[in-house]
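The structure under discussion appears below in the form of structure tokens.
Numbering (the working numbering), first residue to last: 10 to 315.
Structure (structure tokens):
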């Protein structure tokens, strides 16, 4: 089985339990991270039973209510205002501890929602935590044609969690992201974390683009390994596609000219601490040094920083 066949899940190929996308430890060789994505009709709900996975609810489009019942039977809820699309700006999110049931309900119209997951060793209290959009840090990373917008709603220092790390990235048409290629597949204290990573993609014409109704927006994702731990993925990605990164160098994620690229990253691993430490491919790490002399892309941030 090639890397693309094993680690790439085109939309429609990973459905389960009423969800459009399901990635979890049912995937051979996958152990630490999970992702559920679906569209929910107005007033309808999706539920995940209590288990050993902590979760993060991320509205992709529309608003949802989140109801959680913890191990003691206590029910709490919140409403996520969400957004009109992933390209309209950041969103508020809701963290849900392990050992708690989770029900997501679409409110004020249909909604598309992602639920990130990670295996957690311990439950956190309270079982439900709402992070408002005003508390989501937004950064412009890179410069020139490597500029991208990163929304850090689920990283250490912003959101408390046991193991889960999550963020989303928007790359404007023609730019490269996840670059220089980097990896996080070894536990080296203070230098590198051992983390699986999920990439969930959406692609759309740039705002104001003359793209026709028949346009087929695509982006591209590269993952490659070493002689000792080989992996070879080059994927053409569309809205709803998923690429899994069990190990190896990953990047670039490429936005085709005229089409903006979005991806949601979910990370977790077996290491003793929740940390996101990366190591650049030494053949390409010098690219970072060129950014100081380049302006950031003026098209970013998309939707503005709230």
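Glycine is no exception: its CB is placed at the ideal position from the N, C-alpha and C atoms. Fair warning: this is a prediction, and the values are worked out from it, not measured in the lab.
Neighbourhood of residue i by C-beta, 7 Å cutoff - its chain only, sequence neighbours within 5 removed
{"i": "residue 146", "result": "161 and 167"}
{"i": "residue 72", "result": "88, 89, 90, 91, 116, 117 and 120"}
{"i": "residue 245", "result": "227 and 229"}
{"i": "residue 315", "result": "For residue 315, the predicted structure reports a pLDDT of 36, less than 50, and the residue's modelled location is therefore unreliable. The matter cannot be settled from this model."}
{"i": "residue 290", "result": "189, 190, 191 and 258"}
{"i": "residue 224", "result": "214"}
{"i": "residue 139", "result": "87, 101 and 103"}
Same chain, Cβ closer than 6 Å to residue i, five either side skipped, listed in chain order
{"i": "residue 180", "result": "157, 186, 264 and 270"}
{"i": "residue 80", "result": "108"}
{"i": "residue 21", "result": "none"}
{"i": "residue 16", "result": "242 and 253"}
{"i": "residue 95", "result": "69, 211 and 271"}
{"i": "residue 18", "result": "251"}
{"i": "residue 238", "result": "256"}
{"i": "residue 35", "result": "none"}
Per DSSP, the bridge partner or partners of residue i
{"i": "residue 69", "result": "Partner(s): none; residue 69 has no beta bridge."}
{"i": "residue 268", "result": "214"}
{"i": "residue 194", "result": "203"}
{"i": "residue 25", "result": "28"}
{"i": "residue 185", "result": "263"}
{"i": "residue 114", "result": "54 and 74"}
{"i": "residue 157", "result": "150"}
{"i": "residue 9", "result": "Any property of residue 9 remains undetermined from this structure, which presents the chain solely from 10 to 315."}
{"i": "residue 303", "result": "According to DSSP, residue 303 bridges with nothing at all."}
{"i": "residue 178", "result": "159 and 272"}
{"i": "residue 308", "result": "Answer is none; residue 308 lacks a bridge partner."}
{"i": "residue 140", "result": "102"}
Residue j beta carbon less than 8 Å from that of residue i
{"i": "residue 203", "j": "residue 191", "result": "no"}
{"i": "residue 77", "j": "residue 136", "result": "yes"}
{"i": "residue 103", "j": "residue 87", "result": "yes"}
{"i": "residue 165", "j": "residue 205", "result": "no"}
{"i": "residue 150", "j": "residue 41", "result": "no"}
{"i": "residue 232", "j": "residue 44", "result": "no"}
{"i": "residue 46", "j": "residue 100", "result": "no"}
{"i": "residue 189", "j": "residue 260", "result": "yes"}
{"i": "residue 312", "j": "residue 182", "result": "no"}
{"i": "residue 218", "j": "residue 280", "result": "no"}
{"i": "residue 55", "j": "residue 113", "result": "yes"}
{"i": "residue 234", "j": "residue 257", "result": "yes"}
{"i": "residue 201", "j": "residue 288", "result": "yes"}
{"i": "residue 170", "j": "residue 273", "result": "no"}
{"i": "residue 300", "j": "residue 155", "result": "yes"}
Whole-angstrom C-beta distance between residue j and residue i, which should lie under 8 Å
{"i": "residue 89", "j": "residue 75", "result": "6 Å"}
{"i": "residue 110", "j": "residue 59", "result": "5 Å"}
{"i": "residue 318", "j": "residue 174", "result": "What the structure shows of the chain is the stretch from 10 to 315, and residue 318 is not part of that stretch, so it cannot be assessed."}
{"i": "residue 159", "j": "residue 142", "result": "The Cβ separation is near 15 Å, so there is no contact."}
{"i": "residue 207", "j": "residue 32", "result": "6 Å"}
{"i": "residue 172", "j": "residue 283", "result": "6 Å"}
{"i": "residue 51", "j": "residue 184", "result": "That belief does not hold up - the Cβ atoms of residue 51 and residue 184 are roughly 35 Å apart, past 8 Å."}
Other residues of its chain near residue i: CB distance less than 8 Å, five sequence neighbours each side excluded
{"i": "residue 248", "result": "20, 210, 211, 212, 213 and 226"}
{"i": "residue 303", "result": "152 and 153"}
{"i": "residue 27", "result": "47 and 55"}
{"i": "residue 84", "result": "76, 77 and 78"}
{"i": "residue 24", "result": "30 and 31"}
{"i": "residue 198", "result": "none"}
Residue i: CB within 7 Å of a non-hydrogen atom of the ligand FAD
{"i": "residue 43", "result": "No copy of the ligand FAD appears in this structure; indeed no ligand is present at all."}
Could you pull out every unbroken beta strand (DSSP E) segment of at least 3 residues lying fully inside the stretch 36-93, listed in chain order? 42-49, 54-57, 62-78 and 84-92
Completely contained beta strand (DSSP E) runs for the stretch 240-290, where each covers 3 or more residues: 241-246, 251-254, 258-264 and 268-277
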